[in-house]
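Residue numbers (my numbering): 23 to 377.
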C-alpha cells in the first residue's frame with residue numbers, strides 16, 4: 023500500500039478521502055524530521071537562558087501568564103494542562119473524525135514551528151498507523167480558543183491515560199500502549215500546549231462534511247436531470263452559449279452536467295417537435311443558478327478548510343531561523359467556523375430544491 027507521506031504541500035479532498043478509505047501508513051520526510059528537531063533545539067536554547075519568560079512554557083496559562091514556573095515543574099505544568107482540559111461530554115466522535123484529527127495535528131506539528139520533540143509526533147503516528155484511536159467526546163470545544171477539550175482527550179491516550187479504541191473496542195490507554203510496544207508519552211515544556219492548541223477537530227469535521235457535500239452536489243444534478251426528463255422538459259436552458267453570459271464557475275459546471283445528462287434522452291426525443299410549451303417551469307430552468315451558487319459556496323468553504331488543514335495552528339510559535347518565540351492567535355477557529363456556516367447554508371439550499 024502506498025504511504026501517505028507528510029511534508030510541506032497542499033492536500034485535496036481526494037487526498038483525504040484516500041487516507042480515510044485506504045488507511046495507508048503515515049510517514050514523515052527527512053526534511054520534516056529535521057524541521058522538528060531544529061525547532062525543539064531553538065526552544066531548549068531559549069529555556070536554557072532562564073531570564074526569558076515564554077507563555078505556557080515557563081509561565082502559567084491565561085490570567086496566570088505572569089506567574090513564572092520553575093524548571094522542575096515544566097512537565098507537571100503540561101501534564102496538568104491536559105488533565106484539566108479533558109472535560110468533554112457527549113457521544114464520542116467517529117473513527118474518521120478522530121483519524122483525520124490526528125493526521126491534521128501531525129501536519130501542523132511537523133512544519134517545525136511548535137517546538138515539540140520528534141517523539142511527540144512519532145507517538146501520534148504510531149497510534150494512527152496502529153489503528154489505536156483516542157476516545158474524543160463530541161462536545162466541549164470552545165472554537166475561539168481552538169479545540170482545547172477534544173484535543174486534550176486525544177492527548178490523554180498518548181500519555182497512557184483514559185480509554186482508547188483498539189480493534190474496535192474501548193480499552194485502557196495503558197493496555198493499548200503495551201499492544202503497540204510503546205511507553206506513555208511524558209510531556210515536556212510546551213508539548214501539552216502544542217497538542218491542544220489548534221482547530222484540528224473542527225477542521226476534520228468540516229473536511230468530512232465537504233467530501234459529503236461535494237457528492238451531494240453531483241447527486242443534486244442527477245436528480246435535477248431526472249426531474250427535467252420525467253416532466254418532459256428541455257435541455258435548451260442548459261446550453262453552453264446561455265451560460266457563457268454569466269461568470270459563475272459553479273453555474274457553468276451545473277449547466278454542463280445537466281445538458282450532458284439530458285441530451286439524447288429517449289424521453290426528450292419523444293416530445294422534441296410537438297410540444298406547445300414556451301418554456302419549462304422556473305424550478306427546472308433555474309437549477310444551474312441555484313445548484314451553481316451552492317457549488318461556488320462549497321468550493322470557497324472547501325478552500326478555507328483545506329488551507330486550515332495545512333496551516334500551523336499553535337501558540338506561541340517558535341521560529342528557528344531567528345530564534346524568536348512569538349505569541350499570536352493561530353489557534354483561533356474563525357475561518358473554519360465561517361466556512362462551515364457557508365457550507366451549511368449551501369447544503370440546506372440544495373436539500374430544499376432537490377426535495
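Virtual Cβ for every residue (Gly too), placed ideally from N, Cα, C.
Asked	Found
Straight-line CA distance for residue 27 to residue 147?	11 Å
Relative to the C-alpha of residue 314, which residue among 218, 362, 271 is closest?	271
How many Å lie between residue 197 and residue 47 at the Cα?	22 Å
Assuming residue 226 contacts residue 174 under a Cβ cut-off of 8 Å, what Cβ separation, rounded to an integer in Å, is found between them?	No, residue 226 and residue 174 are not in contact; Cβ-Cβ is about 16 Å, not under 8 Å.
So, at 6 Å on beta carbons, what are the nonlocal neighbours of residue 100 in its own chain, with the 5 sequence-adjacent residues on each side left out?	209, 213, 214
Would you mind listing the alpha helix (DSSP H) stretches within the stretch 270-336 that are 4+ residues and don't spill past its ends, in chain order?	271-284, 288-292, 304-307, 309-331
Can you tell which of 142, 302, 262 has its C-alpha closest to the C-alpha of residue 204?	142
Comparing C-alpha positions only, which one of 245, 239, 117 sits nearest to residue 368?	239
Please identify the residue among 357, 340, 349 whose C-alpha is closest to the C-alpha of residue 60.	340
Out of 73, 159, 152, 118, point me to the one whose CA is closest to residue 111's CA.	159
Alpha carbon to alpha carbon, how far is residue 124 from residue 44?	16 Å
Kindly indicate which residue of 276, 269, 251, 245 has the alpha-carbon position closest to the one of residue 260.	276
Counting only runs of 3+ residues fully inside the stretch 134-171, write out the beta strand (DSSP E) ranges in chain order.	154-156, 159-161
Counting Cβ pairs, one atom from each stretch, are 3 or more of them under 8 Å apart for the stretch 321-339 and the stretch 217-234?	yes
Quick check on residue 91: does DSSP put it in helix, strand or coil?	coil
Look at the alpha carbon of residue 263 and the alpha carbon of residue 303, and state the distance between them as a whole number of angstroms.	20 Å
Taking just the CA atoms, how far does residue 121 sit from residue 155?	7 Å
Output the residue ranges of the alpha helix (DSSP H) runs that lie fully inside the stretch 42-81 and measure 4 residues or longer, sorted by chain position.	52-71
For residue 192, which of helix, strand or coil comes out of DSSP?	strand
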